[in-house]
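Visitor:
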Amino acid sequence: QVLTVHQTADTPICGEADRWNCQSWSLPQRTEKGSVAMVGCMLCVCVCVCVCAGGGVTLFIALYDYDARTEDDLSFQKGEKFHIINNTEGDWWEARSLNTGKSGYVPSNYVAPVDSIQAEEWYFGKMGRKDAERQLLGQDNPRGTFLIRESETTKGAYSLSIRDWDDGKGDHVKHYKIRKLDNGGYYITTRTQFDTVHELVQHYTGCNDGLCYFLTTPCPNATPLTLGLGRDAWEVARKTLALNRKLGQGCFGDVWMGMWNGTTKVAVKTLKPGTMSPEAFLEEAQIMKRLRHDKLVQLYAVVSEEPIYIITEFMSQGSLLDFLKDGEGGNLKLPQLVDMAAQIAAGMAYIERMNYIHRDLRAANILVGENLVCKIADFGLARLIEDNEYTARQGAKFPIKWTAPEAALYGRFTIKSDVWSFGILLTELITKGRVPYPGMNNREVLEQVERGYRMPCAVGCPASLHELMVQCWRREADERHTFEYLQGFLEDYFTATEPQYQPGENL
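With the first letter of the sequence shown counted as 1, position 425 gets the number 425 in UniProt numbering; the numbers rise by one all the way through.
Quick look at the structure:
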């Protein structure tokens, strides 16, 4: 059957036109004009509605509550239904509520087609195994709490993740592959097959039928960030921002907790005039805003005239460095610290896939939210700094102790110099925020590292973790691990590398 695209863009936001993926939906509530399909980008979060020739559109349902931030926005409650009027403008769609009759813009990641799998409470979409475990184990969820996500390894298949408990392991998560039949059905074991994933969930809710436990309740899902502050909120006016509380200060500016438009809590980084060219910053910011990953701090908006303001999502626990030195981080044990390292590696693995470079990876540039969520901040900004004390690379403001020798000496910044910095960041985690190379100044560090010196294993740090750091500090950049490898190593650390770990006095 020929489909025509109804009000849809030529390419997704990421620009990867070849990644459009047409996927049919089984929707009983079809319009009189015909059945419905979706077009979605596999790389970013773009989704556009398609309909059969004739031009009708399907109903969408709200997955979360939303309070309008601007006059153009539409407030709505979870469960409200909409007609989508226009979905060609990226992350914010024009919609009309069937409940109130009002029209306005809605965040596209807050809605899904009625009766689609995306509208189900238990469906978490594109989520990795480790993040599923964090979600299921991170709260007081009962045994049998579950979620369904896209399979990481098999296209078109899903994974079922269930919280379980036994005497040996205590609380843990089991994962089951939901396979797809050629005729469109689904199964976990071939002897029990279902027409839809919804029927599969209903079946295993009544009995475990071979699973570790029957399904009890969908995993609670936090309301996600919107993709941007609003439809036209990229370059914003300074007067729309209120700077309420100073959170910290650095060589090049301050960080504030603020409010945008009187409605939305944000973090605001204010840069001292002369720190960087506004034109160069705006150009780089266009790239930075396209980098979207749940382990990267989302860039919301900018004030592009000096003093430059950078507006991002607000992270409640502040920088990882302060969290480790002065906050709750001082009491963390090795499993939590390694998990935080794995989250950072996951964000850097995304930066690696996108052929980007951070250039200033250290604990001060990692932000911490609720439940020990870690996100990478300030990616790409270091390249733009024009201060002589910084650009000399041996100047007082340059982070020599975190910088790979080829970057510090010759300005060769690559993703592999970021890997070196990640190894230094691991020492910050393990030592709860201690400055690297204690007792040495910048010049001594540069000289000693060139001679082959590497930091020794910290007290309480397992030899296997220190060996990983040393591998990040190999002289030849090409011999250092990829972030993809580092992510996998750290996510599986306590099953593959240190299964016998027992908590010690410090770690």
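Where is the CB? At the ideal position from N, CA and C, for every residue including glycine.
Keep in mind that this is a model prediction, so the values were computed, not measured.
With contact counted as at least three CB pairs below 8 Å, one residue from each stretch, are the stretch 413-430 and the stretch 459-475 in contact?
Guide: The stretch 413-430 vs the stretch 459-475: in contact.
Visitor: Under 7 Å Cβ to Cβ from A342, same chain only, skipping five residues before and after it: list those, please.
Guide: Excluding positions up to five away in sequence, the list reads K130, Q487, L490, E491.
Visitor: Short of 6 Å in beta carbon distance, which residues of its chain neighbour T226, apart from the five on each side in sequence? Order them along the chain.
Guide: The residues are P107.
Visitor: DSSP puts P107 in a beta bridge; with which residues?
Guide: DSSP output for P107 lists W92 as bridge partner(s).
Visitor: Per DSSP, what kind of secondary structure is P218 in: helix, strand or coil?
Guide: Strand.
Visitor: Have a look at P142 and V173 and give me their C-alpha separation to the nearest angstrom.
Guide: So the two alpha carbons sit approximately 12 Å from each other.
Visitor: Looking at F82 and R96, is the spacing between their C-beta atoms short of 8 Å?
Guide: Yes.
Visitor: By the three-class DSSP mapping on this structure, what secondary structure does Q500 have?
Guide: Looking at Q500 - three-state DSSP - the assignment turns out to be coil, as it is neither helix nor strand.
Visitor: Could you give the distance in angstroms between the alpha-carbon of E89 and the alpha-carbon of I424?
Guide: Their backbone Cα atoms lie some 42 Å apart in a straight line.
Visitor: Taking buried to mean at least 16 other C-beta atoms within 10 Å of its own C-beta, is A496 buried or exposed?
Guide: Classification for A496: exposed.
Visitor: Just the C-alpha distance for N208 and A112, rounded to the nearest angstrom, thanks.
Guide: Each residue's Cα considered, the two are about 29 Å apart.
Visitor: In angstroms with no decimal places, state the Cα-to-Cα distance between Y493 and F252.
Guide: Roughly 37 Å separates the two Cα atoms.
Visitor: Take A404 and list the residues in its own chain whose beta-carbon comes closer than 6 Å to its own, dropping the five residues that flank it on each side.
Guide: The answer, listed in chain order, is S417, W420.
Visitor: Count the other C-beta atoms from every protein chain shown that fall within 10 angstroms of the C-beta of Q135, then say buried if there are 16 or more, exposed otherwise.
Guide: Looking at its Cβ environment, which holds 16 or more other Cβ atoms inside 10 Å, Q135 is buried.
Visitor: Going by the DSSP bridge assignment, what does T270 pair with across the sheet?
Guide: T270 is bridged to D254, Y309.
Visitor: Is the separation between the beta-carbon of I287 and that of Y300 shorter than 8 Å?
Guide: No. Outside cutoff.
Visitor: Check each candidate in P278, K272, L241, T270 and name the one with the smallest Cα separation from G262.
Guide: The option with the nearest alpha carbon to G262 is L241.
Visitor: Is it buried or exposed for P436, if we count other Cβ within 10 angstroms and need 16 for buried?
Guide: It counts as buried.
Visitor: Measuring alpha carbon to alpha carbon, tell me which of K169, D166, H175, D164 ends up nearest A153.
Guide: The sequence shown places Thr at residue 153, rather than the Ala named in the question. For the residues K169, D166, H175, D164, the minimum Cα distance to T153 belongs to H175.
Visitor: Are W92 and Y105 touching if we call contact CB-CB under 8 Å?
Guide: Cβ atoms of W92 and Y105: closer than 8 Å.
Visitor: Per DSSP, Q135 forms a beta bridge with which residues?
Guide: None, per the DSSP bridge assignment.
Visitor: What is the rounded straight-line gap between the Cα of D378 and the Cα of L468?
Guide: Whole-angstrom Cα-Cα distance: 25 Å.
Visitor: Do C212 and residue 543 count as a contact pair if the criterion is CB distance below 8 Å?
Guide: Outside the modelled stretch of the chain, which goes from 1 to 507, sits residue 543, for which no answer is possible.
Visitor: If I measure Cβ to Cβ from E133 and keep anything under 6 Å in the same chain, skipping five residues before and after, which residues do I get?
Guide: Same-chain partners within the cutoff: V173.
Visitor: My parser needs the alpha helix (DSSP H) runs of 4 or more residues fully inside the stretch 293-370; what are they?
Guide: The qualifying runs are 320-326, 334-353.
Visitor: Count the other CB atoms within 10 Å of the CB of P503; is the residue buried (16 or more) or exposed (fewer)?
Guide: It is exposed - the Cβ of P503 has fewer than 16 other Cβ atoms within 10 Å.
Visitor: Starting from H198, trace the beta strand (DSSP E) both ways and give me its first and last residue.
Guide: That residue, H198, is in no beta strand (DSSP E); its alpha helix (DSSP H) goes 197-206.
Visitor: Take Y187 as the anchor and find which of T217, P307, G156 has the nearest alpha-carbon.
Guide: Nearest of T217, P307, G156 to Y187, Cα basis: G156.
Visitor: Under the three-state reduction of DSSP, which class applies to V114: helix, strand or coil?
Guide: Note: V114 maps to coil in three-state DSSP.
Visitor: By the 10 Å Cβ neighbour count, where 16 or more other Cβ atoms means buried, how is residue 518 classified, buried or exposed?
Guide: The question about residue 518 has no answer here: the residues shown for the chain are numbered 1 through 507.
Visitor: Just verifying my parser: in three-state terms, what is the DSSP assignment at T264?
Guide: Strand at T264.
Visitor: Roughly how many angstroms lie between the CA atoms of D195 and Y158, to the nearest whole one?
Guide: The straight-line gap from Cα to Cα measures roughly 14 Å.
Visitor: Just verifying my parser: in three-state terms, what is the DSSP assignment at Y485?
Guide: Helix.
Visitor: Do the CB positions of I430 and L361 come within less than 8 Å of each other?
Guide: It is not a contact, given that the beta carbons lie outside the stated cut-off.
Visitor: Buried or exposed for E479, please, with buried defined as at least 16 other CB atoms from any protein chain shown within 10 angstroms of its CB.
Guide: Under this definition E479 is an exposed residue.
Visitor: If you count every other CB in all the chains shown that lies within 10 Å of the CB of residue 529, and 16 or more means buried, which is it?
Guide: Only positions 1 to 507 of the chain appear in the structure, and residue 529 is not among them; the question remains open.
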